Amino acid sequence: MIASWRLLQTGPATAAWNMALDEALLETVAHGTSPPVLRLYRWRPAAVSLGYFQRGDEVVNLAACRRLGLDVVRRCTGGRAVLHDCEVTYAVIAREEPPHFPGTITGNYTAIAAVLQRFLRSYGLEVDAGGASRQPVRRSGAEQSACFTAPAQFEQVYRGCKLTGSAQKRQQGAFLQHGSIPLELDPEQLFAALDTRGKVNAVHGGKRLARQVGWLNRWLPEAVTLAEVEGRLAACFAATLAVSLEPDEPHAGEMRRCAELVREKYGNPAWNLAGIAHCQRI
Numbered sequence: 000m001i002a003s004w005r006l007l008q009t010g011p012a013t014a015a016w017n018m019a020l021d022e023a024l025l026e027t028v029a030h031g032t033s034p035p036v037l038r039l040y041r042w043r044p045a046a047v048s049l050g051y052f053q054r055g056d057e058v059v060n061l062a063a064c065r066r067l068g069l070d071v072v073r074r075c076t077g078g079r080a081v082l083h084d085c086e087v088t089y090a091v092i093a094r095e096e097p098p099h100f101p102g103t104i105t106g107n108y109t110a111i112a113a114v115l116q117r118f119l120r121s122y123g124l125e126v127d128a129g130g131a132s133r134q135p136v137r138r139s140g141a142e143q144s145a146c147f148t149a150p151a152q153f154e155q156v157y158r159g160c161k162l163t164g165s166a167q168k169r170q171q172g173a174f175l176q177h178g179s180i181p182l183e184l185d186p187e188q189l190f191a192a193l194d195t196r197g198k199v200n201a202v203h204g205g206k207r208l209a210r211q212v213g214w215l216n217r218w219l220p221e222a223v224t225l226a227e228v229e230g231r232l233a234a235c236f237a238a239t240l241a242v243s244l245e246p247d248e249p250h251a252g253e254m255r256r257c258a259e260l261v262r263e264k265y266g267n268p269a270w271n272l273a274g275i276a277h278c279q280r281i
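Residues 0 to 281 (numbering that gives the first Met the number 0) make up the sequence shown, in order.
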């Protein structure tokens, strides 16, 4: 019997709301009150999200973010900083149970990497996996802070540039993995947002980042739209994992919990910018 998942296409929202809803959905799946979820969403305004273990004032140029109109939010997942602008973000929230997810971090990443590889190859992009096989590159400043300059083992790389970024959190036998598929990306804006030292010209820094980061429309003969990408990505999830995706909306309880998390965490500068010791007290 084909498993049935919820498909939530929640459109654009603030950084705080997006991160709060992902965590609220993780809680409902972990508590057994929701089947697995595939959520597809966007960001308005554009934002920088930090990994859980990053400290905001060490990895983000807050003055530049204000000047550029970028929100700053801390994720509940690990990894490095990501600029979210013209992209589709996916979130998979599921129990760690066969047949799809065997109960290990690498198993979860492997299953979702197969979906992303199928998706990107459907556009003719012969991607490979980043990580262990790649030679280490010395990075500093903005390059060291940015997620898309550091392909992990299960993330997709094309022409030496990382095309997808993802991070994961596990909780009570369930997990959340969310990741970014940028259609467009401004390397100069990314560099400016993450250049805490302010010693390198953004144009020069952006050119350096462009050798390491990728975006979908950079290599496609015809630009694709956010709506088209969402539809194709959902189809690839359904086909690769052999699941049925049933369109749905966040339930009332999930929305209430989302609002609580915005107030308590993701809309709170203390959570978003302070170090890990403070975060653990929130």
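Backbone N, C-alpha and C define an ideal beta-carbon position, used for all residues, glycine too. Small disclaimer: the values here were computed from a predicted structure and weren't measured.
- Per the Cβ contact rule, the segment 185-192 is not in contact with the segment 89-108 (fewer than 3 Cβ pairs under 8 Å).
- Within the model, the alpha-carbon separation for Arg231 versus Pro35 is close to 19 Å.
- Put simply, of Asp247, Leu69 and Pro268 the residue whose alpha carbon is nearest the alpha carbon of Ala12 is Leu69.
- Counting along the chain, no beta strand (DSSP E) covers Phe190; the unbroken alpha helix (DSSP H) around it starts and ends at Pro186 to Leu193.
- With fewer than 16 other Cβ atoms from the protein chains shown falling within 10 Å of its own Cβ, Phe52 counts as exposed.
- Pairing Leu244 with Leu37 gives a Cβ-Cβ distance under 8 Å.
- Judged by pairs of C-beta atoms under 8 Å, the segment 55-65 does not touch the segment 15-29, as fewer than three such pairs exist.
- Sorting Leu260, Asp247 and Arg54 by C-alpha distance to the C-alpha of Trp4 places Asp247 at the top.
- Between Arg117 and Thr239, the alpha-carbon positions lie close to 8 Å from each other.
- Under the DSSP assignment, Glu253 falls in the alpha helix (DSSP H) whose first and last residues are Ala251 to Leu260.
- Counting along the chain, Thr239 sits inside the alpha helix (DSSP H) bounded by residues Leu225 to Leu240.
- When the beta-carbon positions are compared, Gly78 and Gly55 stay at least 8 Å from each other.
- Going by DSSP, Leu25 is part of the alpha helix (DSSP H) stretching over Ala14 to Ala29.
- Using a Cβ distance threshold of 8 Å, Val47 and Ala80 count as a contacting pair.
- Ile111 sits in a helix when the DSSP states are folded into three classes.
- With contacts defined by Cβ atoms closer than 8 Å, Val58 and Gln176 do not form a contacting pair.
- Looking from the CA of Glu253, the closest CA among Asn60, Thr32, Arg217 and Ile180 belongs to Thr32.
- In the displayed model, Tyr51 falls within coil according to three-state DSSP, outside both helix and strand.
- The residues Asn60, in chain order, have a CB closer than 6 Å to that of Thr195 in the same chain once the five nearest residues on each side in sequence are set aside.
- Gly106 sits in a helix when the DSSP states are folded into three classes.
- For Arg120, same chain residues with a beta-carbon under 8 Å away, outside a window of 5 residues either side, are Val126 in chain order.
- Looking at the backbone, the Cα of Arg94 and that of Arg169 are separated by about 9 Å.
- By the Cβ-count criterion, Gln211 is buried, with 16 or more other Cβ atoms from all chains shown falling within 10 Å of its own Cβ.
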